[in-house]
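Visitor:
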C-alpha cells in the first residue's frame, strides 16, 4: 500500500569482480551470497507490489556500459537495468544472467555511476527516498580523488547509503541500540573470518567507514552489514520499514482534563497480503468458475427458496429471533465516536500480561507541536512510572468500531517516552478453567536429583550472555529481529514456480531453517544436561494398543475421566459421531442409560452392524451385573430381552445364543445365582428352531438350558460342536477381560 | 496496507478478529454438548436468611443459576441446562418419586426459561414458590439423583460432559436414616461410574457446614481437581465464582510434544483462557414461516454448467502480468516447516520479556500424560525451577501441520488460591507469542518534552484520586450486552430492552465529546483577525448552533454564516 509520496528509488550496486568468486572450500562465494541477498530484497519488492523503482548496476564486469564511461574512465561498470518497477524479468536476470566477471573495478567509481543514474532518472518524478546499496568484498583498488565530491553530492541530493560486505566489521565503541546480538550472531554462518582479510580489503574497510561516518556520523557504522547478517535479518534494509498511520484523539481524565494525543500501531501481526484465487484447472481462468449459494428449507425435498424470501435472525438460546438488518441498525449499541478516556488507575501488578488481548499495540504520544499536551502527557507518564501504576482506558477507534477496555502503561526510553495501549478482556471473553495443583500431587513431585538436573539444563541453555564488567546483558537470540519465515518461503515458492512452472516446489532454503534454530553453541551446551534428564526422568511413549481399542471404545460414555489415553480416543470418536447426531439427533452408540432402546434404534436404523451394537450392549449388561444390585438386574433383563427380540428379527439367533451361554458361565463364576433366577423366572432362554428356522436349538434343549446346572457344561460344549461362531465367543470374552482389568484399575 | 485507515475502512477490525477467533475456537465446535443440572434443595431451611438484609440461600442459588443461564446464552447456547428442586411438597418427574420437582428439563437456555426463574426471585419468589410448589417434609437423595440421571438419559443429543451442581445448606440430610444415606452413596457412585460429575455448592449454615458428616462420600473429588475443595459460600459473589469455575469444561486446544532436544520430549496440553466473545453470526430464516433455512454452496463451471470437484480447480496469484499457479495442496504445503510441537530454544531471564511486544492473546500450558507418561513430573520440575530462577523458556511453536512456526515465551505461573480456596491462577506456563521483525512497525515519535517534578506531582495526585482495583471480569462488553438485551426483549415481547449499563463509560466525565464551546469574544477576535478558518468544522457547527445560525455542511458555508453574523453585530 505504498502511496506515491512514499515511493523510493533504490540502486543495487553489485561487485561481480574477480575476487567475488573466491571462497573457502565448502562455503558459498561472496558472489553467490550477494546474489541471494539481492534476490531476497527484490523478491520482497516484487511481491509487495509497491511503487518503488529499482536499478541494478554491476561493477567488475568484462564489458562497460554506463553514461559516464569514456576512454579509461569508469571502465568495467555496467548499468544492467535502469530505474523501474522491479519485476520477474529482473529476478530472472539475477538468477541466470548475472555471471561473475574477470575484471575488477573501483567501487567509488561505481558509486558515482549510481549517483549519476539516480539523479538523472528521478528527474521529474517524485521519490521520497533515494537509496544506494553496495555489495562488494572491497578487494579491488580504488582512487580516493573524488571522495569529497561524492560525500558532498550524497548529502546534497539526500541519497542514503548502505554497505553489504562478506565479513562483519568491528564496530568499536559499543554497539549502540541495534547492537544486541547482531555482532555475535555473525559467529556462525558462512562468512570470511576477519583474519583472512587482505591489505587491500583493510584499506577498503577504512574507506567505507570513512564514507559512512562522514554521512551519518557514528550511526553510519550501523549501516554496514555482513551478508550472513542480512540473510538472517532482512529488516536491515532501510526500505523494509513500515510506517503507521497516525490516529489523533484526546486523552481524557475525568471531565476537565484532556490531552491531545496521537497514536501509532507499533506491533501488529503481519499477514500474507494476497490471497489465492480459485481457477479452473484446465483453462487457469477464474472467470470459468462460479460459486453459488442456495438456500433451502429443511424438509424432505430440500425445497429451494430465493434469497429474497429469507430474512436474518439470531439465536437467543433456544429461541430464534427474526431480526432484520434495519432493526439491528436501529437497536444496536451506539458508540460515542473516537475516544481514549481514562476510567481509572490501578497498580500495574493487577493487570497481568496474560490478560492482554486484541491484535495490536499502540504507542501514544502527545500531539505534534503542542507543548502543553507534551508536558501534560509527560507528567502522566512519569507519574504512572513512579507510582508503578497503569491507566485503564476506554478506547474506540471511531464511531463505527466497537469500544474496548484496555491498559495504558508508561514506556520511557532514552530518545522518547510514550504510553503503550493494549486491549484487555471483557468479562465475556474470560474462561475460568481449573487445573489440579502440581505441588501437592505426590504422583508428579520431582526428586531433588531431578530438580538439579533441570537446574543444570536451564543454566546451560541460557540465551543471554552477561557482561560482568559493563553490567549489560546480551541477547543471543533476539526473536524480534528474525523475519517471519512464512513470507520468505512463500516468495521463494512463487518465484520458483514463476520461473520454472513445470517443476515441483523447492525445499526450504537452508539459511531460513538455520535462522529458526537456536545458536549452535547453546544447543551444544545443552546436550549433556538433556541426556541427564533423559536418564533421570522416566518418559515413556504411550503406545496405542489396537486390540484393546475395541473394548475402550465401548466405554466412552462411562469413563470420561478415565486414564487420559482413552480420553483422547474418545474425543476423536465424539467428533466423528456428533456431526451426524447433531444433524439428526439420533443414537449413535449404545449408552449406559438407555441401553435397550439405543440398541433397538441402532440395529433398526442400521446405524451400526448387529455385531457391533450387540457388543456394546453386552458390555453394558456385564457392567450392570457387576454392581450386584437388584435395580441393575432389572435393567440387564431389559437389555437381554431386547437383544433376544432383535436377534429373532434379524436372524442373528446364533449370536444371542452364544451370548446367553457365555452369560450362564459367568453367572456361575461370579455367584450371581439370584440374577439367574430372574432369567429363569422370565423364561428367557436360547432362541429355538421354532422361532427362527436357522437355529439348531430345539425347544427341549432350550428348556434344559434353564434347568439346574448339571447340564450346563455339556450344553456349552454342544455350542462349540455345532460350529457356532467361535471367534465371536472368544472375542466377547476378551472384552470381558479388558473390562475387568479396567475395573480393577479404577478400584 | 500500512495504515490503519485503509484497514478499518475495508473490513473493520471485527471481521479480521473473527477470522482469528474461528481459527482458535474452531477445533471443538462439534464435540458434543455440555449438560448441566442445577439441583436445588427447596427445604424450609433454604428459605431462611440469617440476617434481615441477607439473601436467603435459595434466593442466592436462583440468582446464581439465572446468571449462568444468561451467560450460557451468550457464550455457548448449545449447552443443555436443567433445574430440579427437591424437598418439595408437589412432585413432578418422570418416575413419580415424591418430593422432587423438575422445574426445567435439560434443554438450551432460552428467554422463557430465564423468565420462569425470575419468578422465584426475592420475597415474591418465596411466596410464589410456596403457592406453586411448597415445602415437603421428606425426600430421598438417592431418588433425587435417580431423577437427574433420567434427565440425562432422556436427551437425544450427544453429550460431551454431564454435571450436576447441588445447592444446599443441609450438611446431614439423612442423619436419622442410615438406609437412605447408604442408598444415596451408592447412587452417587453409580453416577460417577456413568460419567456424571456431582459438585456440591454448599451454602452457609448456622454453625458451619460440615462436609465430613455426609457429603464427603457423595462428592469425591474428580481426579483432575485433586486438592481443591471449596469453602462454604455465604455471599452471592462467592457462589457465583464457585459455579463459574465449574460450569465450563476445560477443553484442550492442542496436545503437543515439548521437545527439549531431538530425543527428549514431554507432552503438554494447550488451553486458551481468554478468547474474544463475539456476537453470534446471524441465521437465515424463511420469510413465510421464520424457520431456519439450510445454505448450500456449490462451485460449477460457467461454460459447461457442470459441478466442479476440488480437484478440478487450482490456486493462482497474479503479479504484474505473470500468473503463478499452484495446486491447492501446494498452497498448504508451503506453510509447513515443522511437525506440530514446541521445540525448546533456550532460557532467558524473565525481565527480558517486553510487555510492549505483545502480539496475540497468550495461551496456557499444562502437562498431559496422554502421549508420554511421566510428562507431569518433568513439567513440574521445569516449572519449579523456572519460577525459582526467574527465567522463561523460549520455544518454537507449531500448533498444527501446515502452520508456519512462531516463537513463544513460556512464562512460569505459580498456583494462586483465594481465601475461598478458589483457584485464581492455575499452575503452569503462560504461552506468550513473540513478534517477528515483520510485525514491528516504525513509529515516528515526537521529541521528548519532559515535565518538571512539580507537574509530575500534580499528576500523581490526580492518579491517586482515580485509583481503583482492577479485576479482569470488571467490564462487560456493552455491544454484546446490548445485542442480547435486544434479543431478550424481542423473545419475551417486552416493550423495550432493558437498559444496558455500559461500565466502560465513565459517567463522571459526562459527554464524551470534547467541549468546543467558544466564547463570543474569542469568536469575534477570530472574525476580526480573519483566523476563523483555523477552527475545526465541529467547533464551527457548535458556534452556529449557539447563535441559532443555519449554515451548510461545508466549512466555507459555516465560515460565511458566522462572519456575516458577527460583522452585522
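Protein chains in written order, with this note's numbering: chain X, 229 to 975; chain R, 122 to 690.
Beta carbons: idealized from backbone N, C-alpha and C, even for Gly.
Keep in mind the model is a prediction, meaning the values are calculated, not measured.
So with CB distances below 9 Å, who are the chain X contacts of residue 553 of chain R?
Guide: Near residue 553 of chain R (Cβ distances below 9 Å), the residues of chain X are 581, 582, 584.
Visitor: Taking Cβ positions only, does residue 461 of chain R come closer than 9 Å to chain B?
Guide: The displayed structure is made up of protein chains X and R, and chain B is not among them.
Visitor: Tell me which residues share the same chain as residue 670 of chain R and place their Cβ nearer than 6 Å to its Cβ, disregarding the 5 neighbours each side in the sequence.
Guide: 682, 686
Visitor: What does the alpha-carbon distance come out to for the pair residue 381 of chain X and residue 374 of chain X?
Guide: 11 Å
Visitor: Considering Cα atoms alone, identify which of X:253, X:276, X:328, X:272 is closest to residue 289 of chain X.
Guide: X:328
Visitor: So, are the CB atoms of residue 156 of chain R and residue 201 of chain R less than 9 Å apart?
Guide: yes
Visitor: Any beta-carbon of chain R closer than 9 Å to the one on residue 472 of chain X?
Guide: With 9 Å as the cut-off, residue 472 of chain X counts as an interface residue toward chain R.
Visitor: Could you list which residues in chain X have their beta carbon closer than 8 Å to that of residue 452 of chain R, in chain order?
Guide: 504
Visitor: Residue 62 of chain R CB to nearest chain X CB: under 9 Å?
Guide: The requested residue 62 of chain R is not part of the displayed model; chain R covers only 122 to 690.
Visitor: Measuring straight from C-alpha to C-alpha, what distance separates residue 377 of chain R and residue 389 of chain R?
Guide: 5 Å
Visitor: With distance defined between alpha-carbon atoms, name the residue in R:293, R:207, R:544, R:549 nearest to residue 339 of chain R.
Guide: Measuring from the Cα of residue 339 of chain R, the nearest candidate turns out to be R:293.
Visitor: How would you write the range of the beta strand (DSSP E) that residue 419 of chain R sits in, first residue to last?
Guide: 415-422
Visitor: Could you confirm whether any beta carbon from chain R is found closer than 9 Å to the beta carbon of residue 453 of chain X?
Guide: no
Visitor: Is there contact between the stretch 301-318 of chain R and the stretch 180-190 of chain R, where contact requires at least three CB pairs shorter than 8 Å?
Guide: By the Cβ test, the stretch 301-318 of chain R is not in contact with the stretch 180-190 of chain R, since fewer than three Cβ pairs between them sit closer than 8 Å.
Visitor: Given a cut-off of 9 Å, decide if residue 335 of chain X and residue 368 of chain X are closer than it, judged by their beta-carbon atoms.
Guide: yes
Visitor: If you draw a straight line from the C-alpha of residue 522 of chain R to the C-alpha of residue 464 of chain R, how long is it?
Guide: So the alpha carbons of these two residues sit roughly 15 Å apart.
Visitor: If you run the structure through DSSP and keep just helix, strand and coil, what is residue 665 of chain X?
Guide: Of the three classes helix, strand and coil, the one that applies to residue 665 of chain X here is coil, per DSSP.
Visitor: Label residue 247 of chain X either buried or exposed according to how many other C-beta atoms from any shown protein chain fall within 10 Å of its C-beta, with 16 as the threshold for buried.
Guide: buried
Visitor: What is the DSSP secondary structure of residue 453 of chain X, counted as helix, strand or coil?
Guide: strand
Visitor: Is it true that the CB of residue 886 of chain X sits closer than 9 Å to the CB of residue 895 of chain X?
Guide: no
Visitor: Could you tell me the distance, in whole angstroms, from the CA atom of residue 368 of chain R to the CA atom of residue 657 of chain X?
Guide: 15 Å
Visitor: Nearest chain X C-beta to residue 323 of chain R closer than 9 Å, yes or no?
Guide: no
Visitor: Mark residue 426 of chain X as exposed unless 16 or more other C-beta atoms lie within 10 angstroms of its C-beta, in which case mark it buried.
Guide: By the 10 Å Cβ count, residue 426 of chain X comes out exposed.
Visitor: Applying a beta-carbon distance threshold of less than 7 Å, which residues of chain R neighbour residue 717 of chain X?
Guide: 455
Visitor: Distance, Cα to Cα, residue 164 of chain R vs residue 212 of chain R?
Guide: 13 Å
Visitor: What is the rounded straight-line gap between the Cα of residue 372 of chain X and the Cα of residue 361 of chain X?
Guide: 19 Å
Visitor: Checking 9 Å against the spacing of the C-beta atoms, do residue 219 of chain R and residue 190 of chain R come in under that value?
Guide: No, Cβ-Cβ distance for residue 219 of chain R and residue 190 of chain R is not below 9 Å.
Visitor: Identify, in the order they occur along the chain, each residue of the same chain with its Cβ nearer than 6 Å to the Cβ of residue 161 of chain R, setting aside the five sequence neighbours on each side.
Guide: Once the five neighbours on either side are set aside, the close Cβ partners of residue 161 of chain R are 182, 206, 288.
Visitor: Output the distance between the C-alpha atoms of residue 612 of chain R and residue 547 of chain X, rounded to the nearest integer angstrom.
Guide: Going from the Cα of residue 612 of chain R to the Cα of residue 547 of chain X covers about 7 Å.
Visitor: Once you ignore the five residues that flank residue 199 of chain R on each side, which residues in its own chain have a CB closer than 6 Å to its CB?
Guide: Excluding residues within five positions, the ones whose Cβ falls inside 6 Å are 154.
Visitor: So, are the CB atoms of residue 451 of chain X and residue 389 of chain X less than 9 Å apart?
Guide: yes
Visitor: Please list, in chain order, all residues of the same chain as residue 688 of chain R whose beta carbon is under 6 Å from its beta carbon, the five residues on each side excluded.
Guide: none
Visitor: So what does DSSP say about residue 904 of chain X, is it helix, strand or coil?
Guide: helix
Visitor: Taking the continuous beta strand (DSSP E) assigned at residue 717 of chain R, which residues delimit it?
Guide: Since the first and last residues shown for chain R are 122 and 690, residue 717 of chain R lies out of range.
Visitor: If you follow the beta strand (DSSP E) that residue 285 of chain X is in, where does it begin and where does it stop?
Guide: Going by DSSP, residue 285 of chain X is part of the beta strand (DSSP E) stretching over 281-287.
Visitor: Should residue 339 of chain X be labelled buried (16 or more other beta-carbon atoms within 10 Å of its own) or exposed?
Guide: buried
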